[in-house]
Amino acid sequence: MAEAHQAVGFQFTVRPDGVDLKLSQEVIKNIYLSGVTAWKKKAILFKNGVLAGVYPASPSSWLIVVIAMMSSLYIRIDPSLGMIDSIKDNLPYRDCLSAQTRAVLSGILFATGLWLFLIYLLRYTLKVLLSYHGWIFESHGKMSTSTKVWLSLVKMFSGRRPLLYSFQASLPRLPVPSVDDTICRYLESIHPLLDNEQYNQMKILANDFRDSIAAQLQRYLMLKSWWATNYVSDWWEEYIYLRSRSPIMVNNNFYMMVRLNVIRVAFYSSYRRLRALGIVPMCSTQMERMFNTTRIPGIETDIVQHLTDRKHLVVYHKGRFFQLWLYTGGRHLLPSELETQFQRILNDTSEPQPGELKLAALTAGNRVLWARTRIKYFSQGVNKVSLDAIESAAFFLTLDEEPQGYDSTKTNSLDSYAKSLLHGKCYDRWFDKSFTLISYPNGKMGINVEHSWADAPVVGHMWEYVLATDCFHLGYTEEGHCKGDVNKALPHPSRLQWQFPKETSYVIAKQIADDVDLHSYLFTEFGKGLIKKCRTSPDAFIQLALQLAQFRDQGLFCLTYESSMTRMFRDGRTETVRSCTSEAVAFVRAMEDTSATKAQRLALFRKAADKHQHMCRLAMKGPGIDRHLFCLYIMSKHLGVDSPFLKKVLSEPWKLSTSQTPQQQLNLVDINKFPKYVGSGGGFGPVADDGYGVSYIIVGENLITFHISSKFSSPDTDSYRFGRHIQKAMLDIQALFHPENDKMVGNGEHVQLVNGKKHL
Numbered sequence: 000m001a002e003a004h005q006a007v008g009f010q011f012t013v014r015p016d017g018v019d020l021k022l023s024q025e026v027i028k029n030i031y032l033s034g035v036t037a038w039k040k041k042a043i044l045f046k047n048g049v050l051a052g053v054y055p056a057s058p059s060s061w062l063i064v065v066i067a068m069m070s071s072l073y074i075r076i077d078p079s080l081g082m083i084d085s086i087k088d089n090l091p092y093r094d095c096l097s098a099q100t101r102a103v104l105s106g107i108l109f110a111t112g113l114w115l116f117l118i119y120l121l122r123y124t125l126k127v128l129l130s131y132h133g134w135i136f137e138s139h140g141k142m143s144t145s146t147k148v149w150l151s152l153v154k155m156f157s158g159r160r161p162l163l164y165s166f167q168a169s170l171p172r173l174p175v176p177s178v179d180d181t182i183c184r185y186l187e188s189i190h191p192l193l194d195n196e197q198y199n200q201m202k203i204l205a206n207d208f209r210d211s212i213a214a215q216l217q218r219y220l221m222l223k224s225w226w227a228t229n230y231v232s233d234w235w236e237e238y239i240y241l242r243s244r245s246p247i248m249v250n251n252n253f254y255m256m257v258r259l260n261v262i263r264v265a266f267y268s269s270y271r272r273l274r275a276l277g278i279v280p281m282c283s284t285q286m287e288r289m290f291n292t293t294r295i296p297g298i299e300t301d302i303v304q305h306l307t308d309r310k311h312l313v314v315y316h317k318g319r320f321f322q323l324w325l326y327t328g329g330r331h332l333l334p335s336e337l338e339t340q341f342q343r344i345l346n347d348t349s350e351p352q353p354g355e356l357k358l359a360a361l362t363a364g365n366r367v368l369w370a371r372t373r374i375k376y377f378s379q380g381v382n383k384v385s386l387d388a389i390e391s392a393a394f395f396l397t398l399d400e401e402p403q404g405y406d407s408t409k410t411n412s413l414d415s416y417a418k419s420l421l422h423g424k425c426y427d428r429w430f431d432k433s434f435t436l437i438s439y440p441n442g443k444m445g446i447n448v449e450h451s452w453a454d455a456p457v458v459g460h461m462w463e464y465v466l467a468t469d470c471f472h473l474g475y476t477e478e479g480h481c482k483g484d485v486n487k488a489l490p491h492p493s494r495l496q497w498q499f500p501k502e503t504s505y506v507i508a509k510q511i512a513d514d515v516d517l518h519s520y521l522f523t524e525f526g527k528g529l530i531k532k533c534r535t536s537p538d539a540f541i542q543l544a545l546q547l548a549q550f551r552d553q554g555l556f557c558l559t560y561e562s563s564m565t566r567m568f569r570d571g572r573t574e575t576v577r578s579c580t581s582e583a584v585a586f587v588r589a590m591e592d593t594s595a596t597k598a599q600r601l602a603l604f605r606k607a608a609d610k611h612q613h614m615c616r617l618a619m620k621g622p623g624i625d626r627h628l629f630c631l632y633i634m635s636k637h638l639g640v641d642s643p644f645l646k647k648v649l650s651e652p653w654k655l656s657t658s659q660t661p662q663q664q665l666n667l668v669d670i671n672k673f674p675k676y677v678g679s680g681g682g683f684g685p686v687a688d689d690g691y692g693v694s695y696i697i698v699g700e701n702l703i704t705f706h707i708s709s710k711f712s713s714p715d716t717d718s719y720r721f722g723r724h725i726q727k728a729m730l731d732i733q734a735l736f737h738p739e740n741d742k743m744v745g746n747g748e749h750v751q752l753v754n755g756k757k758h759l
């Protein structure tokens, strides 16, 4: 181990005349540099804490206020209205101080109090300004006078150089919607999915809930919203993620791919220097747990363990676990040094220890089994030491043995790549880590992300930064190696030791993985550029195409989930957009009605797209449907009261679960100049046993990537078939705006739907 390697620098021999102590100069130097680095980190953390603590003011503004106050006293003007004299008369030990000293101290104390008051006033003003969301509902490209004034005020009160966490104290709290509004929007959302009898029954349940316990639950929820920073997020993390006892592989974790071109690995980013994006700040709470974070299994509930700072990662290769230190001499390893360390692991020919090969399958299986196994076998000895090394690592890295990635000459290459990232072999990813970085021998990369600590946009932000840095800033030599010198004296990565009698959970995990029907493909016929020319939202366009594809695939409509962020609020995470609206249903029926004219279909499309955009804006603004009902349900459980309405709402299955992976840092890569450096997005497993999970990313102006998942065990679903339905639906909708393309889709020959046997 690295500790043992450093220990050899201290050698001593016991002699009759005393102890002969020999110290290694190199080791002493490394210890000194490590200590300096540690103190530098503490200083930086303290500095950033002070800067964020006084934001939107600055520490230097304190000095300005003090000087201004002392100057006014010098010219015998008292802006404190006598408060300085009161402070002077009540100073402790005033008899021991001269009159001038008392005057100076009183002035400084008053100036400091005034400065703190002004900081809180600025923060409160900024919080009030950020509570305005009228700009969300304005048409694209148009800005009202009130929004222009608001924008100017936000810029003025935001300061000049915000840090990552500067805005946290100024972000507004997520508002609690009224019960009446939530019930009204809920009933509207389910109306197109139910017949009249079912709808009337649901309406009766809703009215009974509103007239009975709703007011009591709402009062307690309002109390929580005043006390907690966010009335949803802690319960969402606990009850949706951590209390679930089912395997997190496929069911919880999601994946992200690299760009379509081949890149190499030079990864350990300075990502923690992120700053708030754009004018409107987003909550940065989730970013805090990106590194040094692990989900720890429990019998009844898991916990998320986050450590402040760790200096190593754990690497998995051919069934062996290695600990690799990321620092030397008080600094990060250079990319060239990381490459050397990785190559040493690849060159290692040792065999896995008994039980080591499929050990990580424990994190892929049942959570209760993993928790009990952890208590029984990993509570002491070498197993505990090795497990601690994994759970305290910055992240987990897998050096995979089989090449993956998109290859236009190979059928289903993207499908295989996606399945490898989502579950791999079930034992070569540590699914409990905040993320597992997977590196393939052909230079491709990807990540598998545990979902409880953060949502996809946060991880996507980091992933964009890492890939752009790797491609355009770090670079490689002509031979393909990382640039930079290598310290040949670096200690070799050390093997983790295990004494584990048997392999468990693999069979369960393998069954889950084998049941995943995953299809990923590139939609290249058109993209955001053409959709915008149609004067509609690209997301609304795709969501309506998904509704049309769903109806053509299943012959019916279903409850549809689209994830929307609420990070404009403190500790905000997500809200649900219920995409299957009455307007969307009317549009789809018109598309399938041969007697409907193109003008009628287009009018219904615009109405449905406007409705979808309105629903998305409402979700971002706070008054969504599902998080409010979820919290009311949890509150009812805490109070021990029963609600048939809430129980019914929370048991409804999402047979079509969708999510868009946003591109957030368009300034990092010029896609027009580097078209091969486009992102492929990522995906997730199906939410319902007989439903679909669809993730998509809109890349540049001419590409959309879809990731579709379902289960082979369901006779009603087929991911490849659904992908073809999506493709045809996209083209059919586009033809409404461009009549010259009618021939492309009118005879159904442009897309040949495959209804045959399912395939991997």
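Using numbering that gives the first Met the number 0, the first residue of the sequence shown is number 0, and each one after it goes up by one. Note that CB positions come from ideal geometry on N, CA and C, so glycine has one too.
### Status (buried if at least 16 other CB within 10 Å, exposed otherwise) for residue 763
Residue 763 lies beyond the residue range present for the chain, which begins at 0 and ends at 759; the question has no answer from this structure.
### Query
Three or more C-beta pairs closer than 8 Å, one from the segment 594-614 and one from the segment 523-543: is that the case here?
yes
### Alpha carbon of residue 174 to alpha carbon of residue 165, nearest angstrom
22 Å
### Task
Report the option in 76, 88, 728 and 97 whose CA atom is closest to the CA atom of residue 547.
728
#### Entry: Range covered by the beta strand (DSSP E) that runs through residue 75
No beta strand (DSSP E) contains residue 75, which DSSP labels as neither H nor E.
### Query
Between residue 760 and residue 425, what straight-line distance do the alpha-carbon atoms span, to the nearest angstrom?
The displayed coordinates of the chain run from 0 to 759. Any statement about residue 760 would go beyond what the structure contains.
#### Entry: residue 480, DSSP secondary structure in three states
coil
### Task
State buried or exposed for residue 177, treating a residue as buried only when at least 16 other CB atoms are found within 10 Å of its CB.
exposed
### Task
Can you say whether residue 484 is buried or exposed, counting buried as having 16 or more other CB atoms within 10 angstroms of its CB?
exposed
### Query
Are the Cβ atoms of residue 125 and residue 156 separated by less than 8 Å?
yes
#### Entry: Pair within 8 Å by beta-carbon distance, residue 519 and residue 637
no
### Query
How far does the alpha helix (DSSP H) with residue 794 in it reach, from first residue to last?
Residue 794 cannot be examined here, being either before or after the span of the chain that is shown, 0 to 759.
### Unbroken beta strand (DSSP E) run spanning residue 522, endpoints
515-522
### Query
In whole angstroms, what is the alpha-carbon distance linking residue 570 and residue 188?
27 Å
### Message
With H, G and I counted as helix, E and B as strand and the rest as coil, what does DSSP make of residue 146?
### Response
helix
### Query
For residue 283, which of helix, strand or coil comes out of DSSP?
coil
### Query
Is the segment 453-461 touching the segment 312-328 in the sense that three or more CB pairs, one from each, lie closer than 8 Å?
no
### Message
Rounding to the nearest angstrom, what Cα-Cα distance links residue 403 and residue 411 in this structure?
### Response
11 Å
### Query
What distance in whole Å lies between the Cβ atoms of residue 575 and residue 623, which are believed to be in contact at a cut-off of 8 Å?
6 Å
### Query
When you compare each of 430, 601, 691 and 561 to residue 549 by their alpha carbons, which one comes out closest?
691
### Query
Is it right to say residue 596 is buried, meaning 16 or more other beta carbons lie within 10 angstroms of its own, or is it exposed?
exposed
### Query
What's the C-alpha gap between residue 315 and residue 725?
38 Å
#### Entry: Nonlocal neighbours in the same chain, by C-beta distance under 8 Å from residue 263, ignoring five residues either side
With a pLDDT of 46 at residue 263, under the threshold of 50, the modelled position of that residue is not reliable, and the figure given next carries that caveat. Answer for residue 263: 442, 469, 475, 479 and 481, listed in chain order.
### 6 Å CB neighbourhood of residue 302 in its chain, flanking five on each side removed
295
### Task
Go through the segment 555-584 residue by residue and report every complete run of the beta strand (DSSP E) that reaches 3 residues or more, in order.
559-564 and 573-577
### Message
So, with DSSP's three-state summary, where would you put residue 448?
### Response
strand
### Message
Do residue 246 and residue 363 have their beta-carbon atoms positioned less than 8 Å apart in this structure?
### Response
yes
### Query
Is the beta carbon of residue 244 less than 8 Å from the beta carbon of residue 365?
yes
### Query
Who are the near neighbours of residue 777 in its chain, counting only those whose CB is closer than 7 Å to its CB and skipping five residues on each side?
With the chain represented from 0 up to 759, any question about residue 777 goes unanswered, as that position is not in the structure.
### Query
How many whole angstroms separate the CB atoms of residue 428 and residue 359, which I take to be in contact at a CB cut-off of 8 Å?
6 Å
### Task
Measure from the alpha carbon of residue 558 to the alpha carbon of each residue in 386, 649, 180 and 86, then state which is nearest.
649
### Query
Is the segment 105-115 in contact with the segment 75-88, if contact means three or more CB pairs nearer than 8 Å?
yes
### CA nearest to the CA of residue 439, picked from 333, 70 and 400
400
### Any chain D beta carbon closer than 8 Å to residue 588
Among the protein chains of the structure shown there is no chain D, as only one such chain exists.
### Task
Check residue 683 in the structure and name its three-state DSSP category.
strand
### Query
Taking Cβ positions, are residue 385 and residue 495 nearer each other than 8 Å?
yes
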